[in-house]
Each structure stands twice: as structure tokens, then as C-alpha cells.
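Chains as they are written, first to last, in the numbering used here: chain P, 1 to 364; chain D, 365 to 728; chain L, 729 to 1112; chain V, 1113 to 1496. What follows is a short report on a single structure.
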Amino acid sequence: MNVDIDPVQQRLGQVVSARLSTAGLDEAVLRAPDAVPRGPADRNWTALRDIDAPTFDAPLEAGGVELGLSASTLIAERLGRAGVASPYLAVALAIDAAAAGEAEMLASLVAGNIAVAAAGFESVTFESAPSAAVADRLGWYVEGSLPVEPSAADAVLLPVWLDGRDDLGLILLGYDTLKWTALPAAPGGTGTAKLSGALCEPSALLCRLAPETGCAEGPLGRARVRQAAYLVGLAHGALAATVEHAERRRQFDRPLRDFSSVRFRLGQAHAEIEAARLLTARAAWLADSGRPFAVASTEVLALAAEVARDTGRLAMQVGGARSLTALLPLHRFYLRIRLEVTRFGRPDQLWTTAGRRRMTDEET
Amino acid sequence: MNVDIDPVQQRLGQVVSARLSTAGLDEAVLRAPDAVPRGPADRNWTALRDIDAPTFDAPLEAGGVELGLSASTLIAERLGRAGVASPYLAVALAIDAAAAGEAEMLASLVAGNIAVAAAGFESVTFESAPSAAVADRLGWYVEGSLPVEPSAADAVLLPVWLDGRDDLGLILLGYDTLKWTALPAAPGGTGTAKLSGALCEPSALLCRLAPETGCAEGPLGRARVRQAAYLVGLAHGALAATVEHAERRRQFDRPLRDFSSVRFRLGQAHAEIEAARLLTARAAWLADSGRPFAVASTEVLALAAEVARDTGRLAMQVGGARSLTALLPLHRFYLRIRLEVTRFGRPDQLWTTAGRRRMTDEET
Amino acid sequence: MEFGFTADQTRFRTRVRCRFADDRVRDALRRVRAQGVREPDTRPLYRVLGDLGLLAVGWPAEYGGGGRDPIETAIAIEELVRAGIPDTMHVNTIQIVGLFLLLAGTEEQKRAHLPAMARGEKFASVLYTEPESGSDLGSLRTTATPDGDGWRLHGEKVFSLKSDVTDLGLCAARTGPGTYDGISLFLVDLHADGVRVEPIASIADEDFHRIRLDGVRVGAGDLLGETGGGWPLLTRALAVERTGLDYTLKAERWLRAVRDGMPDPDDLFLAGLGRNAARLEASRLLSWRVLTGGPDVDEVAAAVAKLYSSELAQEVAGWAAEVYGFGYGRAWLDNERVDLLEAAYREAPGLTLSAGTSEVMLQIIGSVGLDAYLPAGKSDGGKR
Amino acid sequence: MEFGFTADQTRFRTRVRCRFADDRVRDALRRVRAQGVREPDTRPLYRVLGDLGLLAVGWPAEYGGGGRDPIETAIAIEELVRAGIPDTMHVNTIQIVGLFLLLAGTEEQKRAHLPAMARGEKFASVLYTEPESGSDLGSLRTTATPDGDGWRLHGEKVFSLKSDVTDLGLCAARTGPGTYDGISLFLVDLHADGVRVEPIASIADEDFHRIRLDGVRVGAGDLLGETGGGWPLLTRALAVERTGLDYTLKAERWLRAVRDGMPDPDDLFLAGLGRNAARLEASRLLSWRVLTGGPDVDEVAAAVAKLYSSELAQEVAGWAAEVYGFGYGRAWLDNERVDLLEAAYREAPGLTLSAGTSEVMLQIIGSVGLDAYLPAGKSDGGKR
């Protein structure tokens, strides 16, 4: 038991942070959305590929270096701190899926050749996931309709029902195959993409999962932990920007931070972030050491989501009106958090699921 | 629409408050519980009978003056402010039940001759209510086991299942027929009373209710509103004592109330109390004006319970260690609130029930 | 206490509702929506509403109003929002600046501005906040220096809504030293020389504005109250802003959209719905208490209403972003609801900041408001 | 990072657990319970634990300890609580006063007190709080006036636990003027002349005490550190108190009782259980971070652990009072669980007050703690 972050991880985190840039990010948020739902070219994804980030948590035989989920949660956390969206998270999930399914796409993903977006993972029971059917040797027909965040991705990774509703597959479709039936009304929102009859290669199916157990361990369980780390990072970033503002901004002849009402709420946020951070690190450690982590992955995602949500709101309140504007771009966190809090399941559903497991768990 | 409290009501409230005494109340809480679960003789009940409080909200033909639920919520609120328990609340419910069932007990109840305690109302679906069966002309056999708060009551009012599970009855048993199988471990707690084979007069059955609809309107709906008012009063009383303490108590050369963290939390409590107070008054008004009040009675009880719970906890925190002792008897509210928050249903169950009604309600 | 409406009031509501359903209103509203931008120009719509007598329902007839009592006025506002009319211009022009002019303006000022506002031909903004003065308005730096029988204004106001299309600003400026004593209130013509309005882009659909005042001339008749006597007026004007009605109505609209869009509610959703609906009901009552409390608004009751309603609306907007899951369940929820709720989330942070932050409300409640809990004569709370 | 235990540590846990299951322990514990009072005397039980080497597991052998490392020490404490041993005496005597003596005492002081504490023959209390000095310890009034080569103590300490049965007090007193500079720390024999201990009845099972010090003589050897140099020591002693482990273990015990007692959980209950269980796991990690962080406890990490764990335990106690409905569902829940949870509610308010209130924790975190978020050199937070 040693709960302190080790120096190698710390250094890795610093390397990642040093390469991330947020220039231009907030202005984009304040512009009208593009007619074509396609985000700007992503400098940060290039930066992460430059340091071979996708290899960190990938199997040796696919060109990875097997630093484990601990390493990729670290990258996720740093992305969160910067408040940037990144294909990295969906790429890491696609790599896990491709490794689990021994898919031929694996090497390309590890090489960082495919920028991925994730969509359709929002239901804990996957009740709204699209369905896919085999079309002879041609590949898969995918049917369904999904909320998607516009991005500069090459491909979109989604869960699909296979063979009726027996299995759940993770499938990688070309981003351009999405048919947009609704565009985001404003930046920071999602559009609706239709997949009616989208046809894709047989190799697009990365893996098959048993729907009952498949979401809390395996690739999706790991994605939950990574997402939790990302949310912890978002909360951290929001708090950091808020503390800086509260230190600088004066009202009634005192810095905001000197008012106990502000100071205590920021202090509470720090405590909550620390708690979620440790829980995330533990969940990654459980996965990396081959222990069961279904309860841990579920709980940490729900907890991190709540912490991020609360910290994001607090940041906007302490930041005041300027936090809605480019004068103090706390909105970067506030808007991103909205998308990320529910991306892999609603917190209340996750809590219920976790609670059900806890009823029979010896560890409580 | 006139949301201001009217002068007559205000005066009535003052009259009630002036007669209530809290002397000796807190010392009793700190003493070891009595071996016999029987509260001290109740001076405040005598005081309320002296001003004919049970008549305020009773039918004219039974000796009442029909001031309506608004009047009895006012008394409940004042009892709450003082932090005292009182047979009054259960008496008022018994009067409503006896009036609904045209029971012969009605006149005695209105005359204030029977001090009543309520037990067994904690489940919204009454799943744990005892059952009663007719024993020829002898009366009712009642079977079951219940948590009961020891008190100086003459009778205990409880819901019982009749004829299998078709109807719900409200029945008034002699307090002495309770068989205590467990006593409270400390003051402020409940004991367990067994009713195995308790036999009572045929007249003990005050009324029959349809279980599905019977709990949100009628006698039980009115009890919810009264209970909400009592909880609002408890919150009010706890806040008042806390504000006084925060004004007097100095730390770091300032009154506690001057710290924005304390001041803001007390201010928030005031806002929540005001909201619950208005909602309670509206629910009583709906009942008194013959409008549907099932949603209102359910929601206001849940809201008032939350407000009381949160205010009670805040009071203990601001009061500090002395709030656990006779030096600052905020615990009077804290302990009472625990009992009252769930007496007529758990807040979360009430919210779910209310939400279900709201799904189809035009008024939302 | 009386929580119902009289038959007359109910009839009045029906009549108003019908008027909002008038073809001219529907057409104008359609044209507003057809502009297809995040922040459409609502002035043509307001001119139609003005023609129909739907704007200044509570002002005396002599100033172009409908002469209605506060309850009817509030009914008309509820119906305006329920009819889907974007209400920012109404809140700022009619409910805040106009009402305040009615309470505190001179006869000349009333005649000069109110009738045009009531017709939907003149619009107003509030100009209090500055880059360095948010909650702490006593530190404002905009100056009004004497110039003949009038003044010249110099300074910068920020975070004002709609000021690119409004005509009149209610502006707080410093006419002397001191913190609160040196402040005066002016009516500023936003088309005058020296006024420069720039947008400050916001994540909300409505952008903010920066108003630079560079030697803007205001006449003797544009002063409200006494020179240097602006602070008590400002306090009063702020209380007028804080009925909470606008926030309550936002919360109502959003909550209804969430509920009506949910096909298969589970218990957790139902509990949340019940809770938010109850709080909405309470919020409405808190607002009505302020609205019907007479012209001298109770500062504490207003702070409670503003706090409660804005926090609730924010809460509902946040709840809406979670209950359907990612992307507001837009795979099956209709686009109109998605867009409404999605915009609510972006608007929400501003609600607990505008018209006095929640912290300012809590400061008022926690000082003056809590004195009511003390035995008489035990506090100096009002002074702190 | 490493979240697991080594095979050795796991074996150690098993061994300790077996020792707590020893007949002598079970018998002594039974006798404690058989006293049938709300606050039984646990000293005989502690003497048994002392005999078995289960008390001062982490102290060096020369002072009667077991020489174990911090992780093993924490394991032993976890097992002590899980075995149902009332832990207040352990927390105060071993974990706070004893550990602090070990860190800051002289060789003579250690030899005089630690071995007897480790054997369960001597017990200690903390005497900081006074009627007018709670969170604001800098305002304490108890004086220590020179008397020969020692001092005489005058003053009143309050809200101390177990002081009717403890032998030694760690007492903060004023030896000079100033706020923080004039404070010194002493070891006081609670059986000495001039010490008067009175109970202050509490709603919790454990009563508080008032300790009146009326010219109590303390010798030169009873001073900890320098005269007037008590404040930094006190800060350190307070940080030692704040591992959060005791609160985490209370939360664990209560949460387990709630879960195991619930026959038919609905979704709302399950969501609450999941949430509290996750927070309990996090609380445990926060505590372990402090426990394994070495002898110089990180003040902020300790404040976070204390805040989080005590708020969680309080939350669980409150949740427990609701989930079963009125009376903890005692019609069907076993009396032992009812009594445990019922007592938890009465104990809960004290958790966020003792060992530094949540407000004091937030003050520490909000000043020193948040500086970590600032770019280097941007704050003077540590000084505020």
C-alpha cells in the first residue's frame, strides 16, 4: 500500500501536459457552429502521437509498450486538466477492443493512424445502441440513430447489437459514413447521426462482448476508468483556473479567495477531487494487477462524474459573468463536462448498478 | 392570490407559542431512558387543550369550529418551532379519521379527552402495517409489530389491514395494550411494540380507506400537510436557535455570523424554510378550499422533511460541541427531526410517488 | 392567505392567452425564429405585442399601460413566457427600467420614455456592472462630471444584455467621492455621441455587451433622484429586479420539456421530477409573494425569491443534461426539446449571477433576513 | 502507486484478527457490554489488549510497542475496530497523545508514560478546547504561571472525552502574552490536586467532560518542547489526530450494518449504497495516504482525510436514519443493528467537530492546499 504517485508517473504526466496546447480552443467555442459537423484539425492529437501515446497501454505484440491502464489514465487526466477533447480516449478504447477481439485494425490504431470518436455508449444497458447485421462477405449493415459530438475524427467507434440481441459488438465506422439529421445548435453540443444501412468492412468489428458482464470489465470497464480520470482532470483544470481567478479578482477590497464562503467551497472541491483521483488510480491498479475491477470501474466513473459536474458549476459561479466569455474561459470545462459526465453512462444508473453489486460484495 | 400570512392566523400562532413551554425538555433527553417506555406527563398538551386546540379543525357537529387544516397546520408549525413533541398531531389525525368514518369516538377526541400517539404510518404503501381481523362482536384482533416512540399518550393510532389486504383501517388502541419487545437504547429513540392478538372494542376502528388513494388525500393526506408544517416549524426553531448562537458566539474576534461561510448557509436555510412554509400553506389552502391536494400533500411533506433534516444538521455544526449538550440544546431539534422526517413516509418514496403523479399532471 | 385566482383573474388569463395566440403574434414569432440565428432581433415582435397592449400591462394608462393590478400583471408575464416569447427585452425594459422609472422617475421622465416602451418602440438596458465592480457596486468607477446644467459620463460598463439594440440605459455613475454616497443614477441615450457598444461573445445564446462611455452628455432631466443620492435608489431598483418570476418561468419551461420528453421514467427520474416540480411550485409562490407585496419591495423576500428561483432553474438545466443521457437522448427526443434544453445549460450559469449573484442574495438574507429569528433588539444585523 | 498488501501484510492482518478473536478478548468485550450502560468502562478490556500486544503496535519495542511499520499499525487499528472494540481510548491514548509523545517528547517523558499506555494501564486525554476557544485555539485562557522549577495551571478545559477515567492530559496553556507565541504544551496528571473532572451530558453515548484546573502543579519535566513554543507542536499534534482512519472505520461499520440489514433494496437505496460505498473506499485511500506518508504528516492531506471521512460518516449515519423508514425498521431489523445505527445518529454531529471542525479543515485546505493549483509564486496563501 503506497498511495503516493510515483516519480515516473509524475514525469509522464508533466511530459503530456507540456505538449498540450489550448490556444484558439475557447474562441472556437464562442463561434457559431460549422455547417459541417467536423471539429478543427487537432494539434493535440498530433502531439500525443509524436510521443507515441497510443502505444503506452497497448500490447507488446501490437507495437505497444504495456505501461498499463495506469499510464493511459494519466494521459486522460492531463487532457482533462487542459480542458481539451481528444481522439486519444476513443483510440485507447478501440485498441483495447481490437486487442480483445484480435482485430487486424489493432496495429494501425496503436500506430496512431486513426483518430477515433466514441458514440453510443451512454446507456449502461445499451438499450439504444444501433444494431448490425452481417451482409454476406461484404461486411456489416448498421442501423440506428445516435447523438454524436462533431469532431475531426477519421472513424467513430460504437457499440452495436449483433445477431438480434445476443452479443454486443464494438465496431469502427468511417466518420464520413455518418448521415447528420440534426446539427448542434451551438458549439459544445451534439448532433444526430443516422446509420441507416451504413455498410462497412467485415474487419470493422473489433470485438464481441457479453452484454451483461461486458461493460464493467474488459475494454468497456477500462474505458470507464479512463473516462473517470479524464473527468478528474477536467475538475482539476476547472478548479485550478478558478483558484487563480479567486486569487486575482478583488471585491470589497479583498481577493475573492479570502471570503470564507468562496475559500471553503474551493477547499471542498479539492477534497472531492483528491478522493476521486485516488479512487481512479486504485481502479487502474486493480485492472493492471489482474484483479476484478467491475465495481471499481463503475463507482469511480460515477464519482468522478459528480465531482466534475459540481466543480464545473462552482467554477462558473466563482468566475462570474466573465466565465461565460473569452475573458475567463472556464466555460471550456463547463461545456466539456456536460458531454463527458454521461458519455459512458448516467451517474445515477452507474450508482444503481454499483449498489446492486455491493449488496453481495464482501469488500464493503 | 395573496401569499402573506393573515393577521388572524398570525395572532393564533402567537397564542399557541405563548402557551408552549420547553422547560425541562432537554434535560430529559440527556437522561437515561426510563425502563417503562412512557414519556413524561405533558404540560403542553394540557395547554393546547386549555385553548381548545383540538376543536379548531374539527367539524361543527362534533363540537369543532371548522377553522380548517390551515389552522391546525399553524398549531403544528408552532409546536415544531418550540421543538416539542405533542399528542396534538395524532389527535388531529384521529379526529379527521373519526369524522371520515363517523366514529363514535369523535366527540371525545374533539374534547381533547384522549392523548394520542401515531405509529405504523412510515411506509407509503403500508407494506408493514399490522393486520386486524374481526372477532365477532367482541371487536378486533390486531397482529403485528411496530416501532413506537414512547410517550405519555392514552391511545395509539395505527393503520391496519382489514379483510385480508382489501381495505386500510385507522384504528385506535389503548397505549397500554402495547407489548414492548425492545425499549429505546437512548432517549430520542423508538422501541418495538408487539400487537400480537391485541383485542379492542368494535368502536376502535375510526375509518376505512382505499389503500391506493387513501394516503395522499383524506385524513392521511391532511396528516401529511400537518406533518410538513410541523417539520417546517422544527427547521424554523432550529434555525432561530442557531442564529442566536451565531450572533453571540465569537471566534477569531468576530461573531460566527460574520463569517460568510456561516452567514450564507444560515441564509440558505432561511430561503429553504420560506419555500417549504409557503408550499405548506398552499397545500392546506387547497384542502380547505375543496381542491385536489394529493400531489401537494405528498410533495410538501417530502420537501419539508428535507429542509428540516438539512437545517437540523446545519444547526448542530454551527452550534459546535455544546449543541450536543444542555449548554445549547439544538439537539432537541436534531433528535426530533430524525423521528419526524420518516413518520409519514420516507422522503425518497414520497418524491417517487409525487413524480409519478406529475408525469400526467397538467399543472407542472 | 389565498392561493387561488378569482374568476375575474382567470378570465383575464384566458383573454391574455388568446391575445398571445393572435395571428399577428404567431406570425411575428415565426419571423423571429426564421432569422435562424442564436440571438434574433425581437423588436418587431415586441412592436406587435405593444400594439396589442401586451407589454406594459401594469402601468397606468396615462403612460401607455394597461392599468392592471400586480396580480394581473404577473399573469400577463406568465402568459408571455408560456407563449414562447423571448422575454429578455421585456424583463429589462418593462419589468426593470420601466417599472423603476414609474416608481422613481419625474413626470417628464415618465412621459418621455414609458409610452414608447409600452408600445414596443423603445427598449432599455441596465448599466451597473463594470470590469472591476460586480457584486461590489460601491467600487464603481464610471464618473459623471458636471457640464453646464448636465453631466458628462466617462467609463465602461460590461455584461449588459441586448444593448446593441436598446435605446436607453439606466446607468450608475460616480458624482462624488465616498463609496455609496457619491453614486448617482442617470438615464443615458444609447444612441448619443460617445457611446460605443461592443459585443462580448458568450456561451449563452444571448451575448453580453461592453458599453464604453466616452464623454457622453446627459442633461439635467436625465438624473434620477438627487445628485449623489443614487445608492438607495439603486438598492430599490435591484429589489425590483428580483421578483424571481423570470427564473421561475424558465425553470417551468425547462422542467416541462424534460417531463414531456421522457418516455419511460424510472424511479430515480420520478423522484427527481417530483422534487423539482415541488421546488418549482415553491419558487412560484416566493415570486408571487414579492409581486403582490406592493411597490415597496421587501428586500429580503426579493432576495429569497431571486436566489431560490435562479438556483432552481440552474439545477433543472443541469438535471436535464443528465436524465436523458449523452446528447439529451437526441436519437429519439425531438430537436426542439433538445435545442431548448441544450441552450438552457448554456444559459444556466448566468442565472445565478445576473441581477445580483447568489452570494449577494445570501449576504442580504444572512444579515437583514435572519434578524427576524432573533428576539427583538438582539442584533445589529441590518448594519453589517 | 500500490493499492494492495504484500503477502506479509496479509499474514499480519490474519494474525492480528486471530488475536482479537482470542477468548480473553471476547470475554473482556462481553463484560464491557454486560455493564449495560451507554458508556461502559473499557479499561479492563484494554488491559487485556495491552497484554496481547495489540495496542501500541507501531511504537518501538523499547517503549512497550510492537515495532511495526505504519501500514501494519494501520492494519492493526482496522482490525481493532472491526473486532468491535470501542476505540475512543485507543484513538486518544495511543494514536494521539502517545504518538505525539513519541514524536515530540523527551526520553524521560517517553519512558514515564509510553510503556504503561502500551500495556493498557495508563490512558490519556487531549485538553485543548475551552468554553470560549473552540476552533480559535489562539484565544485560549488557561494559564501556566511559573512556580519554582515548574508551573501552576489555572483554567477550564471542556468537551474532552473519557477524562473521568484517563490519567494523563495533554494540555495547552498560556505561558506568555501574544496569540500563538505565548502557548505551551504540558503533560498533566489528572489525579493531581486541583484537577476537578465533571461530566457534561451529551446526546451521544459518550459524555463530554469539563476539567477545572485550579492551581495544578506541573513539573519542569512535564513541559513539551520550549516554553512558549507550543503552537507549532500543537499544529503537529492536531495533524497527527487527523488521519481520518477512525472516522473511515465508523463509516464502514455503519454502512455495512445498513447494507446487511436491508432485505429488499429498491433502486434509490442501491444508488445510495453504491455512492456511499464508493466514497468509503475513497475515504480509506485518503486515510492511508496520511498514515503511510511518514512522521511529518502533510497538513493538507490530513485535513482532506479528516474532512472527507468525518463528513462521510455523518452522511451515512443520516442516511441510515432514513432508508429503513421510521424507527430504523425495527419491526423486522435486529436490535443490535438498530442500536448501532441509532447511536450513530447521535454520535454523528460530533464527528465533524472533534479534532478540528470541518470549517477548520476547509480553512487549511482553502489556504495552503489550494496553492498547489496556482502557477509557482502566485500566492501568499500559506500566510493567510
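Even glycine gets a Cβ: it sits at the ideal position worked out from N, Cα and C. The structure presented is a predicted model; accordingly, all values stated were derived computationally and were not measured.
Using a Cβ-Cβ cutoff of less than 7 Å, which residues in the same chain neighbour P/Asn44 once the five nearest sequence positions on both sides are dropped?
Excluding residues within five positions, the ones whose Cβ falls inside 7 Å are Leu20, Ser21, Val84 and Ser86.
For a cutoff of 7 Å on Cβ pairs, would you count L/Asp995 as touching chain D?
Taking 7 Å as the threshold, the shortest C-beta distance from L/Asp995 to chain D falls below it.
What three-state label does DSSP hand V/Gly1267 in the structure shown?
strand
Suppose contacts are defined by Cβ-Cβ distances below 7 Å. Is P/Leu324 in contact with L/Ile931 by that definition?
yes
Assuming the contact rule is C-beta atoms closer than 8 Å, D/Arg720 and L/Leu998 should be a hit. Round their C-beta distance to whole Å, please.
5 Å
Beta-carbon proximity list for P/Gly319, same chain, < 7 Å, skipping 5 on both sides
Thr242, His245, Leu328 and Leu330
How long is the line joining the alpha carbons of L/Val1025 and L/Thr903, rounded to whole angstroms?
27 Å
Option nearest D/Ile478 by Cα separation, candidates D/Phe490, D/Leu438, D/Gly631 and D/Ala568:
D/Ala568
Cβ-Cβ separation, D/Gln591 to D/Glu704 (assumed contact under 8 Å), whole Å:
7 Å
Would you tell me roughly how many angstroms separate the C-alpha atoms of V/Ala1195 and D/Leu667, rounded to the nearest one?
40 Å
Under the three-state reduction of DSSP, which class applies to L/Ile1120: helix, strand or coil?
Because chain L is modelled from 729 through 1112, residue 1120 of chain L falls outside the range shown and cannot be assessed.
Mind checking who P/Gln251 pairs with in its DSSP beta bridge?
P/Arg254
Taking only runs that begin and end inside the stretch 785-871 of chain L, name each unbroken beta strand (DSSP E) of 3 or more residues, in chain order.
852-855
Residues, ordered as in the chain, of the stretch 115-133 of chain P that lie near chain B by beta-carbon distance below 7 Å
Among the protein chains of the structure shown, namely P, D, L and V, there is no chain B.
How far does the beta strand (DSSP E) with P/Ile5 in it extend, from its first residue to its last?
Segment: none, P/Ile5 is in no beta strand (DSSP E) and carries neither H nor E.
Within the 7 Å Cβ cut-off, does P/Phe293 reach chain D?
no
Is the beta carbon of V/Ile1500 less than 7 Å from the beta carbon of V/Gly1342?
Only positions 1113 to 1496 of chain V appear in this structure, which leaves residue 1500 of chain V out of reach.
Extent of the continuous beta strand (DSSP E) run through D/Val498:
Ser495 to Ala499
Interface residues of chain V around P/Ala271 at Cβ under 7 Å?
Val1416, Leu1419, Tyr1420 and Ile1477
Rounded to the nearest angstrom, what separates L/Leu1001 and D/Asp725 at their Cα positions?
12 Å
Go through its chain and collect everything with a Cβ distance to L/Asp892's Cβ below 7 Å, but skip five positions before and after it.
So the qualifying residues of the chain are Val925, Pro927 and His937.
Min CB distance D/Ser687 to chain P below 7 Å:
no
Can you tell me which of the three DSSP states L/Asp779 falls into?
Helix.
Could you work out which residues of chain L lie near V/Ala1383, taking near to mean beta carbons separated by less than 8 Å?
Leu996
Is there a C-beta anywhere in chain P that falls below 7 Å from the one on V/Phe1115?
yes
Does DSSP put L/His679 in a helix, a strand or coil?
Look at the range of chain L in this structure, 729 to 1112, and you will see that residue 679 of chain L is not part of it.
Expressed to the nearest angstrom, what Euclidean distance is found between the alpha-carbon atoms of L/Pro768 and L/Leu757?
Taking the straight line from one Cα to the other gives about 10 Å.
Test: P/Glu27 CB closer than 7 Å to a CB of chain V
no
Quick check: D/Thr545 and D/Thr556, are their CB atoms within less than 7 Å of each other?
yes
Alpha-carbon spacing of D/Phe789 relative to L/Ala1010, whole angstroms:
Only positions 365 to 728 of chain D appear in this structure, which leaves residue 789 of chain D out of reach.
Mind checking if P/Gly24 is an interface residue toward chain L, Cβ cutoff 7 Å exclusive?
no
Am I right that D/Val512 and D/Ala467 are in contact with their C-beta atoms under 8 Å? What's the rounded C-beta distance?
At roughly 22 Å, the Cβ-Cβ gap does not stay under 8 Å, so D/Val512 and D/Ala467 are not in contact.
Would you say L/Glu1070 faces chain P, with C-beta separation under 7 Å as the test?
yes
Residue environment, L/Lys890, which counts as buried when at least 16 other CB atoms sit within 10 Å
Buried, because 16 or more other Cβ atoms sit within 10 Å of the Cβ of L/Lys890.
Start and end of the beta strand (DSSP E) containing P/Asp167?
Start and end: Asp167 to Gly174.
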